[in-house]
Amino acid sequence: MSTRTRNALALLVAAALLCVALVLAARSAPGKRVLVSPLQAVPAQAPIVVSIRFDRLRTSAFARLVADASAAQSRGSPACSLRLLDRVEHAAIWVPEGADHDFGLAALGALSREELSRCAHEAIEARGGIASVRQAEGFTLVEDHALGEGAATLAVREGGPLLLARPAQLARMIATLDDRAPSVQGGGDHARMRSALGMDGDVVATALLSDGFRQKIREIAGQDVSLASVQAVAIALEAGPTAHVRMLVWCSSAGACDNLARVLNASLGEVRDSLAMRVAGVAGLLQSALIRSQGGQLAVDVRAPADEVVTVVQRIWRWDETLGASAPPAVPRPALSLPDEVLRAPRTLGRDGGP
2 MSTRTRNALA
12 LLVAAALLCV
22 ALVLAARSAP
32 GKRVLVSPLQ
42 AVPAQAPIVV
52 SIRFDRLRTS
62 AFARLVADAS
72 AAQSRGSPAC
82 SLRLLDRVEH
92 AAIWVPEGAD
102 HDFGLAALGA
112 LSREELSRCA
122 HEAIEARGGI
132 ASVRQAEGFT
142 LVEDHALGEG
152 AATLAVREGG
162 PLLLARPAQL
172 ARMIATLDDR
182 APSVQGGGDH
192 ARMRSALGMD
202 GDVVATALLS
212 DGFRQKIREI
222 AGQDVSLASV
232 QAVAIALEAG
242 PTAHVRMLVW
252 CSSAGACDNL
262 ARVLNASLGE
272 VRDSLAMRVA
282 GVAGLLQSAL
292 IRSQGGQLAV
302 DVRAPADEVV
312 TVVQRIWRWD
322 ETLGASAPPA
332 VPRPALSLPD
342 EVLRAPRTLG
352 RDGGP
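Take any residue in the sequence shown, note its place counting from 1, add 1, and you have its number in our numbering.
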């Protein structure tokens with residue numbers, strides 16, 4: 002082998018070793034995780050998780066409902082709030098274990114850190130708060146200092162996601178996002194339930210019911226009702242021209258699911274026969290509802306034209322707003338005597354009608 006050949010081989014080996022070293026360094030170096038879903042920031046242990054594909058809903062008949070909800074949510078807030086809400090593409094909301102009135106939100110979209118920080122600052126000051134901005138773990142945190150510790154904090158970073166939660170839950174979301182804790186996206190019960198639905202829903206909700214929650218149902222109902230046997234629920238909506246809703250229920254036993262199916266079928270018949278439900282349009286939407294039980298699982302499928310579904314929902318919303326805005330009926334003033342009023346006996350009339 003000539004000297005030139007040996008030198009060429011040595012250079013090739015050195016280049017190969019350098020490439021391997023660079024690959025290993027890239028794998029071990031800390032970097033921002035590639036985001037494909039806000040579920041990557043949701044802890045796997047969350048009992049309730051809801052994901053919404055706003056980008057898909059805005060191209061469907063449900064766009065009207067999204068627009069109405071965004072307008073209602075941003076009412077009384079700076080104009081930037083509605084503009085930013087309209088650019089959210091995918092969001093996930095979760096409820097922590099054993100928490101009342103607490104939740105976490107993660108969202109992805111065409112949202113810049115500067116815009117979000119500025120708009121949050123404006124919104125806080127518009128309601129008389131004191132906006133506070135700081136940096137932590139690669140995020141810009143915006144919070145209302147006037148609300149004190151424990152108030153909800155907005156966390157944003159360039160490229161996403163947007164996070165909103167109280168400090169304890171926000172810390173869990175950041176840890177989950179950085180792969181220091183398991184996420185809903187990565188596996189677990191919620192991932193299995195979403196897969197079992199067998200459809201890529203535009204809105205998906207999954208819930209794990211704890212023993213304590215089921216016990217509360219028994220206490221409220223005063224008996225061992227069918228709902229108390231439910232262990233988990235998954236619901237999905239596909240917002241095509243024909244809307245499709247599928248619900249899966251996991252029961253403690255096959256018999257419990259059979260009993261629940263009988264109860265739901267009976268209730269479905271009552272709704273279809275109800276005059277109020279027919280007037281509202283709900284009964285018509287449920288004509289195609291199919292409820293079936295197999296083993297320890299119950300499935301419900303409902304299909305209806307999307308335009309009709311949206312019309313019914315908007316009608317119910319309008320009724321609710323009308324009832325909420327109605328002034329309470331006037332209370333008639335009682336005909337009671339005043340404290341200093343002198344009560345006199347009625348005058349009697351004579352035969353001629355005079356006194």
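The C-beta atom is built at its ideal place from N, Cα and C for all residues, glycine as well.
Query                                                                                                                    : Result
G139 beta carbon near the ligand SAM (any heavy atom closer than 7 Å)                                                    : With respect to the ligand SAM, the structure shown offers nothing to examine, as it has no ligands at all.
Cut-off 8 Å between Cβ atoms - residues of its own chain near L109, not counting five sequence neighbours on either side : L36, S38, P39, V89, E90, H91, A92, G161, P162 and L163
Nearest residue (CA-CA) to R54, options V205, G139, V246 and T243                                                        : V205
Inter-residue spacing [alpha-carbon to alpha-carbon] between V43 and L276                                                : 42 Å
According to DSSP, residues forming a beta bridge with C367                                                              : Outside the displayed range of the chain (2 to 356) lies residue 367, so it cannot be described from this structure.
Alpha carbon of D212 to alpha carbon of C81, nearest angstrom                                                            : 43 Å
I175, buried or exposed, once every other Cβ within 10 Å from all chains shown has been counted against 16               : buried
4-residue-minimum alpha helix (DSSP H) runs that sit fully inside the segment 243-315, ordered along the chain           : 255-274, 276-281 and 283-286
Three-way DSSP call (helix, strand, coil) for R54 in this model                                                          : strand
Separation of Q288 from W251, as counted between CA atoms                                                                : 24 Å
Where the alpha helix (DSSP H) containing V67 begins and where it ends                                                   : A64 to Q74
For S133, the three-state DSSP class (helix, strand or coil)                                                             : strand
C-beta atoms of G139 and R114 nearer than 8 Å                                                                            : no
Distance between A237 and R57 (C-alpha atoms, nearest Å)                                                                 : 14 Å
Presumed contact (8 Å Cβ cut-off) between G282 and R316, rounded CB distance                                             : 6 Å
CB-CB length for M190 against L209, believed under 8 Å                                                                   : Reading off the sequence, residue 190 comes out as Asp, not Met. 6 Å between Cβ atoms; contact.
Local Cβ density within 10 Å of G151, reported as buried at 16 or more and exposed below that                            : exposed
Bounding residues of the alpha helix (DSSP H) (the contiguous stretch that carries E116)                                 : R114 to A127
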